[in-house]
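J.: Okay, so the sequence shown: first residue is -10 according to my numbering, each after it adds one.
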Amino acid sequence: MKPTILLTGKTGQLGSELNRLLPKLGEVIAPERNELDLRDPEKIRQILRNANLQLIVNAAAYTGVDAAETDEATALAMNAEAPRLLAQEAKKLGALLVHFSTDYIFDGSKNAPYVETDPPNPLNAYGRTKLAGEEAIRNSGAAHLIFRTSWVYATHGRNFLLTILRLAAEREELKVVDDQVGAPTCALNLAEATTRILAGIVNSSSSQLTFLEASGTYHMTAAGQTTWYEFANAILEEVRRAPQNLPWLASATKGRPLIASRVLPISTVEFRSPAPRPAYSVLSNARLKQVFGVTLPDWRTQLQSCFSR
Ligand SMILES: NC(=O)c1ccc[n+]([C@@H]2O[C@H](COP(=O)([O-])OP(=O)(O)OC[C@H]3O[C@@H](n4cnc5c(N)ncnc54)[C@H](OP(=O)(O)O)[C@@H]3O)[C@@H](O)[C@H]2O)c1
């Protein structure tokens, strides 16, 4: 039997890709934000209790890392309280909750890829609220999949790729942080991997037992690692090779030619962002491969694919 799936955050980078792919698995209910504001507990209960759901996919979040420093209460409501409620309701329904978390739950003091069991120690408010969400889900007893990902970008939304393209059309010289190491992950690849995993679970059986067996926390990022500085250079390299009539590219640069001729590496201290970020947040995807047989392409291949869309 095909599952009924609730998808939150359908306008987001990841949510919009999932909204395209999840209908392959079942019937998708994807409310607008004004129909389901996740800061409204009563609304969450009402929507979840009135639908016969087997899967709840939570792609909504408060993702403003710097903004969260001065608005932690809203970030907590979205990133911890809403997932807690979704998990409680999922448990009552016998549904599987799929949720996304972040590399920013780690402090970056490691120098080898983080595994799922490494102790979290978020450096910023966003990371604290996302970790609280993870813990609420794990403690709920609901069947769940928590996928931790990193440095997400897409050809729409607010992200590093589009910021670099905009700045490259405005300035001759860009300064980009070169002492943070991570794995830029394309929302499309994340959505594809998630859908593949869910297809495997749904097609084997939709029993609660199977959901519970699959339950756990997994790292899901692009393979490889880079810095924001190297990522910026790679973006500019790809854009020079790309067909210039890509609609999303024209929209990112507002149709202007790219004038940036230099990218200068700077340190995190020089950049001075409101939220501290981990210096190293590469996540090992070994568990994802071992349990689900799923691997994501490396970050450079993912970036190239973006420019052929
Ligand atoms: N972006 C990253 O670099 C990154 C890195 C690691 C992990 N993640 C995690 O990956 C997941 C997906 O991130 P993303 O980058 O795709 O997010 P995104 O593009 O910022 O999208 C967030 C979504 O949440 C919705 N939303 C915000 N507040 C809401 C509210 N009060 N009620 C209902 N919906 C609300 C937004 O709706 P509107 O369009 O109406 O605002 C949007 O659809 C999140 O869990 C995030 O924490 C992201």
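Where is the CB? At the ideal position from N, CA and C, for every residue including glycine.
If you draw a straight line from the C-alpha of LYS243 to the C-alpha of ALA132, how long is it?
T.: Taking the straight line joining both Cα atoms gives about 45 Å.
J.: Hey, could you find the ends of the alpha helix (DSSP H) ILE186 is sitting in?
T.: Taken as a continuous stretch (DSSP letters only), the alpha helix (DSSP H) holding ILE186 covers 176 to 193.
J.: For ALA188 versus LYS(-1), is the C-beta spacing smaller than 9 Å?
T.: Cβ atoms of ALA188 and LYS(-1): not closer than 9 Å.
J.: Should TYR88 be listed as close to ligand 1, given that the test is whether its C-beta is under 8 Å from any heavy atom?
T.: The question names Tyr, but residue 88 in the sequence shown is His. Because some heavy atom of ligand 1 lies under 8 Å away, the Cβ of HIS88 counts as near it: yes.
J.: Quick check: what's the CA-CA separation for ASP168 versus GLU219?
T.: Going from the Cα of ASP168 to the Cα of GLU219 covers about 10 Å.
J.: Enumerate, from N- to C-terminal direction, the unbroken beta strand (DSSP E) stretches of 3 or more residues contained entirely within the segment 61 to 115.
T.: Whole beta strand (DSSP E) segments, 3+ residues: 85 to 91.
J.: Would you mind stating whether CYS150 and ALA241 have Cβ atoms separated by less than 9 Å?
T.: It is Leu, not Cys, that sits at residue 150 in the sequence shown. Closer than 9 Å, so yes.
J.: I'd like the span of the alpha helix (DSSP H) that includes ARG276, first residue to last.
T.: Note, ARG276: alpha helix (DSSP H), 275 to 281.
J.: Apply the 10 Å Cβ neighbour rule to GLY282 and answer buried if 16 or more other Cβ atoms are within range, or exposed otherwise.
T.: The residue in question, GLY282, is exposed, as its Cβ has fewer than 16 Cβ neighbours within 10 Å.
J.: Can you grab the Cα-Cα spacing for the pair ARG155 / ARG251, in whole Å?
T.: One C-alpha to the other measures close to 15 Å.
J.: For PRO(-8), which of ALA66, LEU82, ALA239 has the nearest alpha-carbon?
T.: The residue with the shortest Cα to Cα distance from PRO(-8) is LEU82.
J.: With distances taken Cα to Cα, identify the nearest neighbour of VAL166 among ALA221, VAL141, ASN192.
T.: VAL166 has its Cα closest to that of ALA221, out of ALA221, VAL141, ASN192.
J.: What are the residues that DSSP puts in a beta bridge with PRO254?
T.: Answer by DSSP bridge pairing, in chain order: VAL165.
J.: Could you tell me the alpha carbon to alpha carbon distance between PHE260 and GLY15, rounded to whole angstroms?
T.: Each residue's Cα considered, the two are about 45 Å apart.
J.: For GLU6 and THR144, what's the separation of their Cα atoms in angstroms?
T.: GLU6 and THR144: Cα-Cα distance of roughly 11 Å.
J.: Please determine if the segment 260 to 280 and the segment 49 to 59 are in contact, where contact requires at least 3 C-beta pairs separated by less than 8 Å.
T.: Short answer: they touch.
J.: For SER139, verify whether its CB is less than 8 Å away from any heavy atom of ligand 1.
T.: Flag set: Cβ of SER139 near ligand 1.
J.: Consider the C-beta atom of GLN291 and the heavy atoms of ligand 1; say whether any pair is separated by less than 8 Å.
T.: Answer for GLN291: no, Cβ out of range of ligand 1.
J.: Tell me, please, which residues DSSP counts as bridged to ALA212.
T.: DSSP output for ALA212 lists ASP287 as bridge partner(s).
J.: Across the segment 198 to 214 and the segment 66 to 75, are there enough close Cβ pairs to call them in contact, namely three or more that are closer than 8 Å?
T.: As far as the Cβ criterion goes, the segment 198 to 214 does not touch the segment 66 to 75, which means the pair count is below three.
J.: Could you tell me if the beta carbon of LEU3 falls within a distance shorter than 8 Å of some heavy atom in ligand 1?
T.: Result yes, Cβ under 8 Å from ligand 1.
J.: If you draw a straight line from the alpha carbon of VAL17 to that of ALA66, how long is it in whole angstroms?
T.: In a straight line, the C-alpha of VAL17 is about 25 Å away from that of ALA66.
J.: Is any heavy atom in ligand 1 found nearer than 8 Å to the beta carbon of LEU27?
T.: It does: the Cβ of LEU27 is within 8 Å (strictly closer) of some heavy atom of ligand 1.
J.: Could you give the residue range of the alpha helix (DSSP H) that holds GLU226?
T.: Its alpha helix (DSSP H) spans residues 217 to 230.
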